[in-house]
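Protein chains: 2
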Amino acid sequence: MERNLIIETIEKVGQEVLLKGWVESRRDHGKLIFLDVRDHTGTVQMVINPKVSEEAHKTASGLSVQDVISLMGKVNARPKGAENPDLPTGTVEIEVKKLEMLSDAESLPFDFGARELPINLDTALDFRPLTLRHPKNQAIFRIQAEIVKAFRDFLTERSFVEIQSPKITAESTEGGANVFRVDYFGLPAYLAQSPQFYKQIMVGVYERVFTIGQVYRAEEHNTTRHVNEYTSLDLEFGFIQDHTDIIDLEIDFLKYLFPYLDETVKPEIEFLGIKLPTVGDVPSLKLREAQAIIEREFDRKVSHEPDLSPQDERDICQYAQEKLGSEFIFITHQPVDHRPMYTMPDEADPGYTKSFDLLFRGIEITTGGQRIHDYDQLVSSIKKRGLSPENFSFYLMAFKYGLPPEGGLAIGLERLTAKIVGAENVREATLFPRDVTRIDLPLAKIKNHEKKGR
Amino acid sequence: MERNLIIETIEKVGQEVLLKGWVESRRDHGKLIFLDVRDHTGTVQMVINPKVSEEAHKTASGLSVQDVISLMGKVNARPKGAENPDLPTGTVEIEVKKLEMLSDAESLPFDFGARELPINLDTALDFRPLTLRHPKNQAIFRIQAEIVKAFRDFLTERSFVEIQSPKITAESTEGGANVFRVDYFGLPAYLAQSPQFYKQIMVGVYERVFTIGQVYRAEEHNTTRHVNEYTSLDLEFGFIQDHTDIIDLEIDFLKYLFPYLDETVKPEIEFLGIKLPTVGDVPSLKLREAQAIIEREFDRKVSHEPDLSPQDERDICQYAQEKLGSEFIFITHQPVDHRPMYTMPDEADPGYTKSFDLLFRGIEITTGGQRIHDYDQLVSSIKKRGLSPENFSFYLMAFKYGLPPEGGLAIGLERLTAKIVGAENVREATLFPRDVTRIDLPLAKIKNHEKKGR
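In order, the protein sequences belong to chains A and B. My numbering numbers the first residue of the first sequence as 5 and each following residue consecutively. My numbering numbers the first residue of the second sequence as 5 and each following residue consecutively.
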């Protein structure tokens, strides 16, 4: 007999099925045992009656949550009034005739049945292989997978070509700070902080490119906003007028994204009880304008700062929502000295750049802008930072041999996911977070393993 | 005026257009200048006649290949007999009225016009930002992008969920050899050799998962088959009977892939003059059977070897094509001692595993197999290799808390691409190859930069 999927049981009342999955919960009522069993298509209720199969009942009485089982049974309609409206399969239940254990789970270290796990985030991360199975986490990372798909579909539709960008680099993109060092056959190499150089090079090849991959920041911050390895949704394209072309593209993407999520992961959105933002006209302020508003509305001196602080980001988002009716706001014209050497200065606003950040629900989720495409201007910008153009000779070839006016952006996938699902800490939306204290397990624990000899 | 795309000119005869792109070639015939100009949609011929615009003619007479230009002109039908059947836009040409230089390219270090660049691979890689623009390379990486898309579409259709797998790990997947070391805040960490542990963990969450990303092997081989950073197309799924379920899925993927490529990148396939394989019944041989055939048919002693050599792979592929009518062949049942600790042994064939490689046109492009899903069996397998289960405690949680029988595979994207496009060296199908001699530029050159001080 071929395996049936749990979702199929809805339409198989009266028929025999072979199901396989994980025990989600078990309830004993007198001699009857009830199990909720899930596979990748859903969850359905099993009834194990010793009068139907003594052997199945014996096996079931030893079952616990997360055991993996295979079972044969008959699909019955549930009696009127006993339906479960929370389950897509809530109109049926399975009368179990045969039951087999495929994989025996140890008893769980904490209760798994509640809507929220009764443990703090650190403990949840210590047990990530288990806690990711919790319905809440399943929902978060299904939504994340669809965000990624939406980004790709949106760009592919617009003739962007996907590229594979390397993560081992000989030169740091942003000029040296905060990079992880790799021993590359005796030569010091670095983990890429972004695919910046490669996506710009590829504008010379395909004009419009995108790439999705992990990027690295060796920042020692231990905050709810930072992880040291994250996923960057990157795009770059040529023949732009200025940074506003990139802003317009991002707005179009957001207008595409949320209806797409509403269509593809509606059950997850409902389970999490979250509200997707609506995207209308997204306001845009120069950094200095935003700072003036913060000074005026929130009575804090911030105009002397080269960028917004986390508190500034929360404040200006609150302002945008309350006064401008948008959960999104672009902040443009960061100072030349506080953007990387490839950032295009704005001739009409000396000292400031044609770059932008996008803030959403209190946090920066995108950085982008127009880049310098003229070879001589770029070399001069590199020199101004005290860097040596010779170290960038590979990258510079793209400009030496003709690159159009171009620009792009990078969206932090985990931050965007976190804000969509209402997670307070970006780690909740990072599948296996790496930070200053953790690579899967706490670093202290790993060090201890090291000491014991490997 | 809004920019028009070059492909649109076919349907705009008699109309004014604004085009932007790269000069691909220039030919002077008396006072007329002919340019081929490309954007991301195609290439079209421009005619610059001083009688139409003296200024445009003056600008054009200074143009060289790879210059980036913007131009306004009128679309004319080409005279009968002057059509170019090689170009989709070969029925039209543009009478240029205004011409502007957007980015001035230096003169190229070698002739760019031929079907094959007149330089060796090493030089081509030294100039990668330029040479990737050559039509041959444009075709190769467009095909690669579609392979990636086909893999995702195929799996998404089958309810596989995409995951983002970390690249920084605390433990090497394969047990210690050939890993790049990263300084992670003072702790030695490693670059992932594969997403193996994470995709297995995620089978416990979504049952069926896939992930696409870079993986790392610090192998000092300098061969046409190896690069040190490559892209792995990974999938993993639960509730399998054995490794043949995975083989069957891969055959289904191949049957999907090639018709898909034929549909989406037909011009590139034709430009490269390549022939896509047909996928029928793909033969499968145990490693020992393959070795016996090689001994018999190619008269070389190989049976004592634990795996196929590169020459063996070429030979058995030749045999499969000539005698079994397939460009693909699965080799199964590698010895337990030569597969990683997570590989499922075959009880029916002691000492050998339920694992497989897929060979295609003389090279291994996939490794896969059933994994051990039982916690105790896995711990015992780890110990047998002299490894400490404590070092794998995070990974082991997935098994401790119930994992079904499962398995998966990994396809090397660059190798598959290389074999499809007929490239002899995997570097030709690697966008920015990293190997023992090169990160973008030759390592010797980078070392020289380092010495000069940074």
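Glycine residues also receive a C-beta, built at the ideal position from the N, C-alpha and C atoms. Quick caveat, the model's predicted, so the values are computed rather than measured.
- Here I273 of chain B carries a helix assignment [DSSP, helix/strand/coil].
- Against chain A, a Cβ distance below 7 angstroms from L435 of chain B picks out I167, Q168.
- Under the three-state reduction of DSSP, R318 of chain B is assigned to helix.
- Collapsing the DSSP output to three states places T227 of chain A in coil.
- Around the beta carbon of K404 of chain B, a 10 Å sphere encloses 16 or more other beta carbons of the protein chains shown; the residue is thus reported as buried.
- Interface residue (Cβ-Cβ distance to chain A less than 8 angstroms): S29 of chain B is not classified as such.
- Short of 8 angstroms from the beta carbon of K305 of chain A, and not among the five residues preceding or following it, lie these beta carbons of its own chain, in chain order: E299.
- Counting along the chain, no alpha helix (DSSP H) covers S288 of chain A; the unbroken beta strand (DSSP E) around it starts and ends at 288 to 290.
- Of all C-beta pairs linking the segment 204 to 217 of chain B to the segment 185 to 193 of chain B, fewer than three are shorter than 8 angstroms, placing the two stretches out of contact.
- Within chain A, no C-beta atom comes less than 7 angstroms from the C-beta of N124 of chain B; the nearest is roughly 18 angstroms away.
- From the beta-carbon of E110 of chain B, the residues of chain A found nearer than 9 angstroms are Y379, K404, Y405, G406.
- Beta-carbon to beta-carbon, A294 of chain A and I335 of chain A are separated by about 5 angstroms, close enough to satisfy the 8 angstroms threshold.
- Taking a contact to require three or more Cβ pairs closer than 8 angstroms, the segment 422 to 439 of chain A and the segment 114 to 123 of chain A do not qualify as touching.
- For the segment 125 to 143 of chain A, the residues whose beta carbon sits under 8 angstroms from a beta carbon of chain B are, in order, F131, R132, P133, L134, L136, R137, N141, Q142.
- Between the segment 218 to 231 of chain A and the segment 433 to 445 of chain A there are three or more C-beta pairs closer than 8 angstroms, enough to call the two in contact.
- Secondary structure within the segment 24 to 104 of chain B: the beta strand (DSSP E) runs of 3 or more consecutive residues, fully enclosed, are 36 to 43, 46 to 52, 72 to 81 (chain order).
- In the DSSP assignment, D187 of chain B falls within the unbroken beta strand (DSSP E) covering 185 to 188.
- Here R119 of chain A is exposed. Its C-beta has fewer than 16 other C-beta atoms within 10 Å.
- When C-beta distances to chain A are compared with 8 angstroms, the residues of the segment 207 to 235 of chain B below that value are G208, V209, Y210, E211, R212, G217, Q218, Y220, A222, E224, N232, E233, T235, in chain order.
- Put simply, the CB of L276 of chain A is far from chain B, with every gap to its CB atoms at 8 angstroms or more.
- Between I98 of chain B and V152 of chain B, the CB-CB gap reaches or exceeds 8 angstroms.
- At least one CB of chain B lies nearer than 8 angstroms to the CB of M401 of chain A.
- Each of B:V17, B:E12, B:Y260, B:A64 was checked against the Cα of G46 of chain B, and the nearest Cα belongs to B:E12.
- It is roughly 57 angstroms from the alpha-carbon of S397 of chain B to the alpha-carbon of I10 of chain B.
- Using a 10 angstroms sphere on the CB of E58 of chain B, the tally of other CB atoms stays under 16, which defines it as exposed.
- Contact annotation for Y202 of chain B against chain A: L435, F436 [CB-CB distance below 8 angstroms, chain order].
- With a cutoff of 8 angstroms on beta-carbon distance, E150 of chain A and V269 of chain A are scored as near each other.
- Chain A places a beta carbon closer than 8 angstroms to that of N395 of chain B, counting this residue as a contact.
- The CB of R185 of chain A comes closer than 9 angstroms to the CB of V186, D187 in chain B, given here in chain order.
- Counting the other Cβ atoms within 10 Å of the Cβ of N141 of chain B gives 16 or more, which makes it buried.
- One finds K171, I172, V186, L195 in chain A with Cβ atoms closer than 9 angstroms to the Cβ of L195 of chain B, taken in chain order.
- Around the beta carbon of S359 of chain B, a 10 Å sphere encloses 16 or more other beta carbons of the protein chains shown; the residue is thus reported as buried.
- Collapsing the DSSP output to three states places F241 of chain B in a strand.
- Shown in chain order are the members of the segment 39 to 67 of chain B whose Cβ falls below 8 angstroms from a Cβ of chain A: D43, H44, T45.
- Using a Cβ distance threshold of 8 angstroms, L280 of chain B and L265 of chain B count as a contacting pair.
- In the structure shown, E166 of chain A falls within a strand segment according to DSSP collapsed to helix, strand and coil.
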